[in-house]
Amino acid sequence: MNSRTLHVSWLPADPEAVAALVPAGLRPHPDRQVFMNQYVVDDESQTSGLGSYSLAYLGVTLAGADAPDGVTPGGWWTHYVTSSDRVRDYALARGAPALPGHTTITVRRDRVATETVIDGVPVIRTQVRIGETGHDVRNGHHRYLTALHGQLVSSIYPVVAEPVNPFEIESVEFLEPAHPIYALRPENPLTIAWGYYAPRSSFAYPGGLSLLGELEPSPTAGAPGPQRPAVGIVDQPVGR
914 MNSRTLHVSW LPADPEAVAA LVPAGLRPHP DRQVFMNQYV VDDESQTSGL GSYSLAYLGV
974 TLAGADAPDG VTPGGWWTHY VTSSDRVRDY ALARGAPALP GHTTITVRRD RVATETVIDG
1034 VPVIRTQVRI GETGHDVRNG HHRYLTALHG QLVSSIYPVV AEPVNPFEIE SVEFLEPAHP
1094 IYALRPENPL TIAWGYYAPR SSFAYPGGLS LLGELEPSPT AGAPGPQRPA VGIVDQPVGR
């Protein structure tokens, strides 16, 4: 409950590199939108057992994989960076590409600065201008797809957020060209598809996961790369 959250989407500098991160059989959004959510849970009292932690996840917006509202597009997770071993283990067990790292969100008057660090190296930094929290409330669901034990998995996350207004992204910097996450960097000049900052954003982990079909091995045996969902997608719950 009440995590501090920056959620934003942009058009990428290298659309083909972004599209290549999506498994065959899934369709990236036509303009190859990238999404990112950086958030901080400041106190363990805000969770039901996960403690305090920070997290940043990124991925590619999908076409034809909308959330239950039929409007909000789903996404393919490519990176999931968290400071918590407990959260990381939970995410890995459900197919998220989780790795250790930490994210900070610093608020000074009408400015928000965020930074995500992996292996001690800053990889993403944003600068945002914000106003006051208004009466607007965003509520709905996000849908994210992952791969787990050769299966394509869909997860639904309910969200209620209280965004600030006004809101303006001033910069999104990817700082480490040698890191794979650099493929998701925004184009220059920066083109924002949508976004918000919320000092209070509450969400729940999935009440259930669905299997969407088997994944075939990568074309190059033993090498990492996208995998292909098998023909004949079946939506069925994942057993616990």
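Going left to right, the sequence shown walks through residues 914 to 1153 as this note's numbering numbers them.
All residues carry an ideal CB built from backbone N, CA and C; glycine is no exception.
Would you mind working out which of Asp982, Arg1024, Tyr966 and Gly972 sits nearest Pro1010, comparing C-alpha positions?
Closest by C-alpha distance to Pro1010, out of Asp982, Arg1024, Tyr966 and Gly972, is Gly972.
For Leu1012, tell me which candidate among Leu968, His1054 and Arg1024 has the shortest Cα-Cα distance.
Leu968
For Thr1016, tell me which candidate among Ala933, Tyr1003 and Tyr970 has the shortest Cα-Cα distance.
Tyr970
Buried or exposed for Thr1019, going by 16 or more other Cβ atoms inside 10 Å?
exposed
Return helix, strand or coil for Ser1131, following the three-state DSSP convention.
Any reading at Ser1131 must be qualified, since the residue scores a pLDDT of 48, below 50, and its modelled position is unreliable; the value itself is stated next. Coil, per DSSP.
Quick check: what's the CA-CA separation for Val994 versus Gly1014?
5 angstroms
Spatial neighbours of Thr985 within its chain, please: CB distance less than 8 angstroms, with the 5 preceding and 5 following residues excluded, ordered by chain position.
Excluding the 5 residues flanking it on each side, Thr985 has same chain C-beta neighbours closer than 8 angstroms at Asp979, Gly1053, His1054, His1055 and Arg1056, in chain order.
Taking the beta strand (DSSP E) that Val984 falls in, what are its first and last residues?
Val984 -> no beta strand (DSSP E), and no H or E assigned at all.
Give me whichever residues DSSP pairs with Asn1240 in a beta bridge.
There is no way to answer for residue 1240, as the model of the chain reaches only from 914 to 1153.
So what's Val931 in DSSP terms, helix, strand or just coil?
helix
Secondary structure at Pro1102, three-state DSSP: helix, strand or coil?
coil
Rounded to a whole number of angstroms, what is the C-alpha to C-alpha distance between Asp998 and Arg1024?
30 angstroms
To which residues of the same chain is Arg1007 closer than 6 angstroms at the C-beta, ignoring the five residues directly before and after it?
Close CB contacts of Arg1007 within its chain, under the 6 angstroms cut and outside five residues either way in sequence, are absent.
Quick one, which of Arg917, Thr918 and Trp923 has its alpha-carbon nearest Trp1107's?
Trp923
Using the C-alpha atoms, what's the distance from Tyr966 back to Glu957?
8 angstroms
On the three-pair Cβ rule with 8 angstroms, is the stretch 1039 to 1051 touching the stretch 1071 to 1089?
yes
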